[in-house]
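One structure below.
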Amino acid sequence: TQLLEQSPQFLSIQEGENLTVYCNSSSVFSSLQWYRQEPGEGPVLLVTVVTGGEVKKLKRLTFQFGDARKDSSLHITAAQPGDTGLYLCAGARAAGNKLTFGGGTRVLVKP
Amino acid sequence: KAGVTQTPRYLIKTRGQQVTLSCSPISGHRSVSWYQQTPGQGLQFLFEYFSETQRNKGNFPGRFSGRQFSNSRSEMNVSTLELGDSALYLCASTRDISYEQYFGPGTRLTVT
Numbered sequence: 087t088q089l090l091e092q093s094p095q096f097l098s099i100q101e102g103e104n105l106t107v108y109c110n111s112s113s114v115f116s117s118l119q120w121y122r123q124e125p126g127e128g129p130v131l132l133v134t135v136v137t138g139g140e141v142k143k144l145k146r147l148t149f150q151f152g153d154a155r156k157d158s159s160l161h162i163t164a165a166q167p168g169d170t171g172l173y174l175c176a177g178a179r180a181a182g183n184k185l186t187f188g189g190g191t192r193v194l195v196k197p
Numbered sequence: 005k006a007g008v009t010q011t012p013r014y015l016i017k018t019r020g021q022q023v024t025l026s027c028s029p030i031s032g033h034r035s036v037s038w039y040q041q042t043p044g045q046g047l048q049f050l051f052e053y054f055s056e057t058q059r060n061k062g063n064f065p066g067r068f069s070g071r072q073f074s075n076s077r078s079e080m081n082v083s084t085l086e087l088g089d090s091a092l093y094l095c096a097s098t099r100d101i102s103y104e105q106y107f108g109p110g111t112r113l114t115v116t
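Here you go:
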């Protein structure tokens, strides 16, 4: 059983459309991170959120941490083919603790 | 600053053999974590080393072991390989007390 549930598992959209990926848990996390992984490579850190209700923007990507620090979302505006990849959320109970990863959301943006 | 490096990138082994994978963290990072990634189970935590000591451990059998050297480089060893050990093994490094982990490109292990 995944402590962090990601939805959807797979998303296929056309270039220019918006998408949202969700990461939910029944546990409270001190921080939540989002990574993007491309085939044959390791995950690349996109953002870390640590405060309940926090919203961070990275160009066309918007990350939100739930008020209760149990869930998070990633929204991509006007998706581009370069956004294609596996998006992973990961939570930590405390700094220095191991990360628990969600199952991942595979995003395909078609030109 | 150079990123996390892992060697080798690809490895093919036979059931029953053992394997050693290597990871060099980002300069100045003293924590190294290892993960196993498979299509069915996703990313699963193996163990974490900090200042040459194992600080956290996941739920893997004793065939999986690791160590860290004084220069923070780390190795993981898998003995008596099984077909199910075929996976991408990822190493990540972290500053002393930080949430953020930086991953290497991984070692793709295939057990035949």
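The listed protein sequences correspond, in order, to chains A and B. Quick note: the first sequence uses this note's numbering, first residue 87, plus one each step. Quick note: the second sequence uses this note's numbering, first residue 5, plus one each step. Note that the Cβ used here is the ideal one computed from N, Cα and C, for glycine as well. Model, not experiment: these values are computed from the prediction.
1. If we cut at 8 Å on Cβ distances, does E127/A have a partner in chain B?
2. Just to make sure I have the definition right: I need the residues of chain A whose C-beta is within less than 7 Å of the C-beta of E56/B. Which are they?
3. Got a sec, what are the start and stop residues for the beta strand (DSSP E) S26/B sits in?
4. Terminal residues of the continuous beta strand (DSSP E) containing A96/B?
5. Hey, could you find the ends of the beta strand (DSSP E) R67/B is sitting in?
6. Could you tell me whether the Cβ of L132/A comes closer than 8 Å to any Cβ of chain B?
7. Just checking my contact of L105/A with L97/A at CB under 8 Å: how many whole Å lie between their CB atoms?
8. Measure the CB-CB distance between Q105/B and S37/B and report whether it falls below 8 Å.
9. Q21/B: buried (16+ other C-beta within 10 angstroms of its C-beta) or exposed?
10. Please name the residue, chosen from Y103/B, T24/B, N60/B, T42/B, that lies closest to S90/B on a Cα-to-Cα basis.
11. Listing by chain order, which chain A residues have their CB less than 8 Å from the CB of L113/B?
12. Quick one: using the 10 Å Cβ neighbour count with 16 as the cut-off for buried, is T87/A buried or exposed?
13. Looking at the C-beta of L185/A, does it have a partner C-beta in chain B at a distance below 8 Å?
14. Using a Cβ cut-off of 8 Å (strictly closer), state whether S90/B contacts chain A.
15. Going along chain A in order, which residues have a C-beta closer than 8 Å to the C-beta of E104/B?
16. Are there 16 or more other CB atoms within 10 angstroms of the CB of T11/B, so buried, or fewer, so exposed?
17. Does DSSP classify L118/A as helix, strand or coil?
18. Beta-carbon of F73/B versus every beta-carbon of chain A: anything under 8 Å?
19. Taking only three categories from DSSP, how would you classify T87/A?
20. Mind reading off the beta-carbon distance from G70/B to G128/A? Whole number of angstroms is fine, and I expect it under 8 Å.
21. Please check the pair V115/B and R19/B, which I expect to be a contact at CB under 8 Å, by giving their CB distance rounded to whole angstroms.
Reading it off the structure:
1. Working through the first sequence from its first residue, we reach residue 127/A at position 41. True, the Cβ-Cβ gap to chain B drops below 8 Å.
2. Position 52 of the second sequence, counted from the start, is the residue given in the question as residue 56/B. By Cβ distance, chain A contributes nothing, its closest Cβ being about 16 Å from E56/B, past 7 Å.
3. Within the second sequence, residue 26/B is the residue found at index 22, counting from 1. From DSSP, the beta strand (DSSP E) with S26/B extends over 23-28.
4. Here residue 96/B refers to the residue found at position 92 of the second sequence. It spans 91-98 - the beta strand (DSSP E) in which A96/B sits, taken as one unbroken run.
5. Residue mapping note: residue 67/B aligns to position 63 of the second sequence, counting from 1. It is not in any beta strand (DSSP E) - R67/B carries neither H nor E in the DSSP assignment.
6. Numbered from 1 along the first sequence, position 46 holds the residue referred to as residue 132/A. Output row for L132/A: interface = no.
7. Position 19 of the first sequence, counted from the start, is the residue given in the question as residue 105/A. Position 11 of the first sequence, counted from the start, is the residue given in the question as residue 97/A. That pair is a contact at about 6 Å.
8. The residue labelled residue 105/B in the question sits at position 101 within the second sequence. The residue labelled residue 37/B in the question sits at position 33 within the second sequence. Their beta carbons are under 8 Å apart, which means Q105/B touches S37/B by this criterion.
9. Translated into the one-based positions of the second sequence, residue 21/B becomes position 17. Looking at its Cβ environment, which holds fewer than 16 other Cβ atoms inside 10 Å, Q21/B is exposed.
10. Position 86 of the second sequence holds residue 90/B. Per the Cα distances, T42/B.
11. Taking the second sequence and counting its residues from 1, the one referred to as residue 113/B is at position 109. Here the premise fails: no neighbours, minimum Cβ distance about 14 Å.
12. Position 1 of the first sequence, counting from 1, holds the residue named residue 87/A. Any reading at T87/A must be qualified, since the residue scores a pLDDT of 49, below 50, and its modelled position is unreliable; the value itself is stated next. The residue is exposed, with fewer than 16 neighbouring Cβ atoms inside 10 Å.
13. Numbered from its first residue, the first sequence carries residue 185/A at position 99. With 8 Å as the cut-off, L185/A counts as an interface residue toward chain B.
14. If you number the second sequence from 1, residue 90/B lands on position 86. No, its Cβ sits nowhere closer than 8 Å to a Cβ of chain A.
15. Taking the first residue of the second sequence as position 1, residue 104/B is located at position 100. Simply Q119, L131, T134.
16. As a working mapping, residue 11/B is identified with position 7 in the second sequence. With fewer than 16 Cβ atoms within 10 Å of its Cβ, T11/B is classed as exposed.
17. Stepping through the first sequence from its first residue, residue 118/A is reached at position 32. Three-state result, L118/A: strand.
18. As a first step, residue 73/B must be located in the second sequence, where it is residue number 69. For F73/B, the answer is no, since every Cβ of chain A falls outside 8 Å of its Cβ.
19. Against the first sequence, residue 87/A aligns to sequence position 1. With a pLDDT of only 49 at T87/A, under the threshold of 50, the placement of this residue in the model should not be trusted; the figure read from the coordinates follows. Three-state result, T87/A: coil.
20. The residue given as residue 70/B occupies position 66 in the second sequence. The residue given as residue 128/A occupies position 42 in the first sequence. So it is not a contact: roughly 17 Å between Cβ atoms.
21. One-based indexing of the second sequence puts residue 115/B at position 111. One-based indexing of the second sequence puts residue 19/B at position 15. 6 Å between Cβ atoms; contact.
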